[in-house]
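Participant: Let me begin by handing over the structure; questions about it come next.
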Amino acid sequence: MSHTPLPLTALELLAPARDADTGIAAIDHGADAVYIGGPAFGARQSAGNTMDDIASLAEYAHRYNARVFMALNTLFTNEELPRARSLAFDAAKAGVDVLIVQDMGLMAGPLPDIELHASTQCDIRTPEKAAFLEKAGFSQMVLARELSLAEVAACRAALHSARIEYFIHGALCVSYSGQCYISEAITGRSANRGACAQLCRLPYDVYTESGEQIARRSHVLSLRDNNQTDNLEALIDAGVSSFKIEGRLKDLVYVKNITAWYRQQLDAIIARRPELSRTSDGVSTFSFTPDPEKSFQRSRTDYFVHGRQFAKPYELAQLESPKNTGSPVGCCERVEPGEILVRPAAGVSLANGDGLTYLGDDEEIHGLAVNRADPAGRGLVRLTLRNRRELPEGLRRGMTLMRNLDRSFVRELSGESAVRRIPIVMTFLVEDDALTLIVTDGRECAEAHVAMDLDAPSNPERNRETLIRNLGRLGDTLYTASDIFVPEDLDVFVPASVVNMMRREAVDALTKMREEARVRPGRAPVDDEAPYPDRILGFAANVANDAAREFYERHGARVTAPAFEIKPVEKADLMTCRHCIRAALKRCPKMLKAFPELLEKTPREAFRPEPLVLVNSSGERFEAIFHCKADPCFMTITHADDASGSRSAG
Numbered sequence: 001m002s003h004t005p006l007p008l009t010a011l012e013l014l015a016p017a018r019d020a021d022t023g024i025a026a027i028d029h030g031a032d033a034v035y036i037g038g039p040a041f042g043a044r045q046s047a048g049n050t051m052d053d054i055a056s057l058a059e060y061a062h063r064y065n066a067r068v069f070m071a072l073n074t075l076f077t078n079e080e081l082p083r084a085r086s087l088a089f090d091a092a093k094a095g096v097d098v099l100i101v102q103d104m105g106l107m108a109g110p111l112p113d114i115e116l117h118a119s120t121q122c123d124i125r126t127p128e129k130a131a132f133l134e135k136a137g138f139s140q141m142v143l144a145r146e147l148s149l150a151e152v153a154a155c156r157a158a159l160h161s162a163r164i165e166y167f168i169h170g171a172l173c174v175s176y177s178g179q180c181y182i183s184e185a186i187t188g189r190s191a192n193r194g195a196c197a198q199l200c201r202l203p204y205d206v207y208t209e210s211g212e213q214i215a216r217r218s219h220v221l222s223l224r225d226n227n228q229t230d231n232l233e234a235l236i237d238a239g240v241s242s243f244k245i246e247g248r249l250k251d252l253v254y255v256k257n258i259t260a261w262y263r264q265q266l267d268a269i270i271a272r273r274p275e276l277s278r279t280s281d282g283v284s285t286f287s288f289t290p291d292p293e294k295s296f297q298r299s300r301t302d303y304f305v306h307g308r309q310f311a312k313p314y315e316l317a318q319l320e321s322p323k324n325t326g327s328p329v330g331c332c333e334r335v336e337p338g339e340i341l342v343r344p345a346a347g348v349s350l351a352n353g354d355g356l357t358y359l360g361d362d363e364e365i366h367g368l369a370v371n372r373a374d375p376a377g378r379g380l381v382r383l384t385l386r387n388r389r390e391l392p393e394g395l396r397r398g399m400t401l402m403r404n405l406d407r408s409f410v411r412e413l414s415g416e417s418a419v420r421r422i423p424i425v426m427t428f429l430v431e432d433d434a435l436t437l438i439v440t441d442g443r444e445c446a447e448a449h450v451a452m453d454l455d456a457p458s459n460p461e462r463n464r465e466t467l468i469r470n471l472g473r474l475g476d477t478l479y480t481a482s483d484i485f486v487p488e489d490l491d492v493f494v495p496a497s498v499v500n501m502m503r504r505e506a507v508d509a510l511t512k513m514r515e516e517a518r519v520r521p522g523r524a525p526v527d528d529e530a531p532y533p534d535r536i537l538g539f540a541a542n543v544a545n546d547a548a549r550e551f552y553e554r555h556g557a558r559v560t561a562p563a564f565e566i567k568p569v570e571k572a573d574l575m576t577c578r579h580c581i582r583a584a585l586k587r588c589p590k591m592l593k594a595f596p597e598l599l600e601k602t603p604r605e606a607f608r609p610e611p612l613v614l615v616n617s618s619g620e621r622f623e624a625i626f627h628c629k630a631d632p633c634f635m636t637i638t639h640a641d642d643a644s645g646s647r648s649a650g
């Protein structure tokens with residue numbers, strides 16, 4: 001098997017799959033590839049799958065030349081590494097196309113000849129690291145979510161044939177992936193081993209070092225959800241080839257909707273840019289209108305793709321709640337126990353079973369479960385709540401209601417909601433007493449032949465029309481006829497039974513040819529002498545086994561400490577974030593240049609980049625330290641009891 005990289009201009013929509021059924025649905029709804037966890041070591045402990053299930057998914061995906069990636073992207077102990085290596089071989093045998101890897105210990109021993117992708121957990125922020133990983137044998141790099149267009153372009157310029165993968169939708173980790181140790185430190189559940197406790201989604205009280213409370217129960221570390229709909233073409237121009245949807249824990253309806261949405265967006269770009277193409281075959285037809293506003297979202301952000309922005313549309317944290325807030329659907333007109341009167345927004349239809357939210361007087365998000373929705377006249381809708389005695393807390397007339405569960409939409413997507421077919425061109429020829437049917441998908445070409453005595457048609461006017469209709473009856477095959485060519489002067493009658501036989505024979509032959517033509521790319525070439533960009537590696541290099549240590553040492557680096565999961569480090573940076581709590585609370589010194597009016601409500605000394613203390617409901621204390629002079633600036637989180645104010649880098 002040889003390494004045959006995909007062209008950089010072949011765009012790939014990469015969708016998540018918590019299981020084989022979800023992966024198949026993603027393929028049907030337009031994914032060019034899906035990523036899924038295996039039996040172990042998949043960075044999502046609750047999203048494991050058997051090899052038999054993965055094999056069935058791969059068989060289905062390959063019909064469309066779509067690919068299956070298996071996540072093998074946790075850290076391994078010395079004891080676990082042999083099993084991880086065994087799973088790599090099992091995955092290749094099951095038909096998996098790609099292994100997603102974090103732990104370099106895998107690279108220091110035998111592996112199947114299969115394409116390797118560097119996980120987002122590898123913390124790829126620089127062109128130097130991206131270039132090294134390509135030399136180490138990786139064919140695709142999942143860049144850090146925090147990178148701007150300029151930083152993506154710099155990584156692209158440093159690579160040769162390796163492709164860039166970028167998250168375009170879904171949940172955002174507040175820390176650089178692979179550099180978050182807070183869950184391991186507090187709960188013993190490691191994010192690098194697929195068991196993150198998501199302490200970033202908790203509310204925190206925030207204090208200055210002098211003890212002044214500046215935020216109460218605020219979700220200052222809980223980021224909004226990523227949505228790069230408006231930036232897809234800019235990302236293509238920056239060098240992104242693979243567009244990744246986050247969500248291996250998301251449900252089937254979410255994956256269907258979001259995959260279909262981005263399929264439409266990318267197809268529209270490809271249609272007007274002839275230099276671009278897709279990496280898989282087939283056209284998906286949807287029975288619904290894709291809409292990301294109708295799926296789980298914590299508001300939306302495009303994060304740092306345009307650099308750090310301070311204006312309201314670019315706010316990163318959803319301070320009120322880490323929950324799915326939904327999108328606005330109307331205005332509250334009256335509130336009574338167990339019932340509210342609502343004026344829906346234009347074009348909005350409320351339904352039985354909907355879920356609603358609102359921001360109450362207490363500045364927190366509250367939820368309502370709708371039992372019935374009935375017209376109330378004058379454009380109003382009466383909503384009877386599931387709890388008939390409930391008086392919604394803090395809900396008043398004039399407040400905006402949002403919907404985070406659209407029952408009608410969920411029902412619409414619960415059954416079959418997409419069909420994917422490969423367009424083929426069919427050509428029917430008649431020469432003497434020989435019939436030929438040629439079918440092609442644009443690459444492979446198959447034929448069926450029949451020799452028989454041919455009679456003149458009894459109904460010449462309808463003869464050709466009937467033949468075309470019979471040829472196009474492709475039913476439940478993989479194909480749909482984009483064009484059918486039959487001689488205009490057709491003067492023979494071909495029985496339907498013969499047409500059907502020729503169609504089946506040609507289509508079966510085409511399918512077999514497609515299967516035989518499909519080649520799984522092997523592992524990229526490896527340069528064992530390529531120097532690692534950093535010479536000294538501490539715990540943040542995540543070296544959890546002897547093989548990983550040997551890998552880095554072979555590439556010229558010295559490992560001074562094992563992974564945090566192997567040996568916890570005192571006074572460690574538990575998070576490293578480009579997100580800034582000071583910016584979220586409008587106390588960032590850089591904001592004053594753009595918004596001097598902030599001084600009208602907040603004294604100038606409050607903008608000094610001094611550390612802030614975070615306290616959660618369990619009483620755990622953390623210190624946020626701001627590195628404002630760095631480029632780009634960043635924030636670290638550490639135990640408050642371990643920290644010192646002198647560590648401020650402002």
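Just so we're aligned, residue 1 is where the sequence shown starts under UniProt numbering, counting upward by one. Ideal placement from N, C-alpha and C gives every residue a C-beta, glycine not left out. None of these values were measured; they are calculated from a predicted model.
1) My parser needs the alpha helix (DSSP H) runs of 4 or more residues fully inside the segment 12–65; what are they?
2) Determine the closest residue to Y64 out of A84, K567, D90, H29, with distance taken between C-alpha atoms.
3) On the DSSP letters alone, give me the boundaries of the beta strand (DSSP E) that C577 sits inside.
4) Considering only residues of the segment 250–276, which uninterrupted alpha helix (DSSP H) runs meet the minimum length of 4 residues and lie entirely inside it, listed in chain order?
5) So what does DSSP say about D528, is it helix, strand or coil?
6) For H449, which option in R504, L87, A594 has the closest C-alpha, if you only look at C-alpha atoms?
7) Out of D225, T636, Q265, L276, point me to the one whose CA is closest to L6's CA.
8) Give the single residue among L474, S417, F551, L405 whose Cα lies nearest to the Cα of P423.
9) Looking only at C-alpha atoms, which of E565, C588, C633 sits nearest to I182?
10) When you compare only the Cα positions, how much space is there between R514 and D441?
11) For A376, tell me which candidate among G347, D354, E339 has the shortest Cα-Cα distance.
12) Among R388, F296, G42, which has the Cα closest to the Cα of R18?
13) Whose C-alpha, out of A118, E363, D489, is nearest the C-alpha of R216?
14) For the putative contact between L99 and A108, defined by C-beta atoms under 8 Å, what is the C-beta separation to the nearest angstrom?
15) Assuming A10 contacts T279 under a Cβ cut-off of 8 Å, what Cβ separation, rounded to an integer in Å, is found between them?
16) Inspect the beta-carbon positions of L316 and L223 and report whether they are closer than 7 Å.
17) As a quick exercise: from I637, F607, K601, A594, pick the residue whose alpha carbon is nearest that of K571.
18) Secondary structure at C332, three-state DSSP: helix, strand or coil?
19) Helix, strand or coil: which one does DSSP assign to I424?
20) With a threshold of 8 Å on Cβ separation, who are the neighbours of R389 within its own chain once the five nearest residues in sequence on each side are excluded?
21) Classify E151: buried if its beta carbon has 16 or more other beta carbons within 10 angstroms, exposed otherwise.
22) Answer yes or no: do A131 and A158 have a C-beta to C-beta separation smaller than 7 Å?
23) Near H579, which residues of its chain fall below 6 Å by C-beta distance, leaving aside the five closest residues on each side in sequence?
24) Here's the rule: buried if 16 or more other CB atoms are within 10 angstroms of the residue's CB, otherwise exposed. What is L13?
25) Tell me which residue opens and which closes the beta strand (DSSP E) that K244 is part of.
26) Report yes if the C-beta distance between E115 and P521 is below 7 Å; otherwise report no.
27) May I have a chain-ordered list of the alpha helix (DSSP H) segments no shorter than 4 residues that lie completely inside the segment 158–203?
28) Since P39 and T22 should fall inside the 8 Å C-beta cutoff, what is the C-beta to C-beta distance between them, to a whole number of angstroms?
29) Whole-angstrom Cβ separation of C332 and L395, contact assumed at under 8 Å?
30) One question on the structure: do P305 and L143 come within less than 7 Å of each other, judged by their Cβ atoms?
31) Between R372 and the rest of its own chain, which residues show a CB-CB distance below 6 Å, the 5 nearest in sequence each way excluded?
32) Considering just the uninterrupted stretch of the beta strand (DSSP E) at N227, what are its terminal residues?
33) Can the beta-carbon of V101 be found less than 7 Å from the beta-carbon of I164?
34) Rounded to the nearest angstrom, what separates A71 and G247 at their Cα positions?
35) With a threshold of 8 Å on Cβ separation, who are the neighbours of P203 within its own chain once the five nearest residues in sequence on each side are excluded?
36) Going by DSSP, what residue range makes up the alpha helix (DSSP H) through L510?
Facilitator: Based on what the coordinates show:
1) Fully enclosed alpha helix (DSSP H) runs of 4 or longer: 20–28, 51–62.
2) Residue H29 is the option with its Cα nearest to Y64.
3) Looking at the DSSP string, the run of the beta strand (DSSP E) that includes C577 is 575–577.
4) Correct list: 252–272.
5) Note: D528 maps to coil in three-state DSSP.
6) Nearest of R504, L87, A594 to H449, Cα basis: R504.
7) Per the C-alpha coordinates, the member of D225, T636, Q265, L276 positioned closest to L6 is L276.
8) Sorting L474, S417, F551, L405 by C-alpha distance to the C-alpha of P423 places L474 at the top.
9) Checking every option, the nearest Cα to that of I182 belongs to E565.
10) Their Cα atoms are separated by approximately 9 Å.
11) It is E339 whose Cα lies nearest to the Cα of A376.
12) Nearest in C-alpha terms to R18, of all of R388, F296, G42, is G42.
13) The shortest Cα separation from R216 among A118, E363, D489 belongs to E363.
14) No, L99 and A108 are not in contact; Cβ-Cβ is about 15 Å, not under 8 Å.
15) Yes, A10 and T279 are in contact; Cβ-Cβ is about 5 Å, under 8 Å.
16) Between L316 and L223, the C-beta gap is smaller than 7 Å, which places the two residues in contact.
17) When only C-alpha atoms are compared, the closest one is I637.
18) DSSP places C332 in strand when its eight states are reduced to three.
19) In the structure shown, I424 sits in a strand (DSSP, three-state: E or B).
20) The residues are P337, G338.
21) Result: buried.
22) Going by C-beta atoms, A131 is nearer than 7 Å to A158.
23) Within its own chain, the residues whose Cβ lies closer than 6 Å to the Cβ of H579, once the five positions on either side in sequence are excluded, are V174, L316, listed in chain order.
24) Buried, since its Cβ has 16 or more Cβ neighbours within 10 Å.
25) That run of the beta strand (DSSP E) goes 240–245.
26) Between E115 and P521, the gap from beta carbon to beta carbon is short of 7 Å.
27) Counting only runs of 4 or more, we get 182–187.
28) So it is not a contact: roughly 17 Å between Cβ atoms.
29) That belief holds up - the Cβ atoms of C332 and L395 are roughly 6 Å apart, short of 8 Å.
30) Reading the sequence as shown, one finds Val at residue 305 and not Pro. Note that the C-beta distance between V305 and L143 is not below 7 Å.
31) Cβ within range, chain order: N352, T384.
32) From DSSP, the beta strand (DSSP E) with N227 extends over 225–227.
33) Not a contact, by the Cβ cut-off of 7 Å.
34) Each residue's alpha carbon lies about 13 Å from the other.
35) Cβ-Cβ distances below 8 Å link P203 to R217, S218, H219, N616, S617 in the same chain, with the five nearest sequence neighbours on each side left out; the list follows chain order.
36) The continuous alpha helix (DSSP H) containing L510 extends over residues 496–517.
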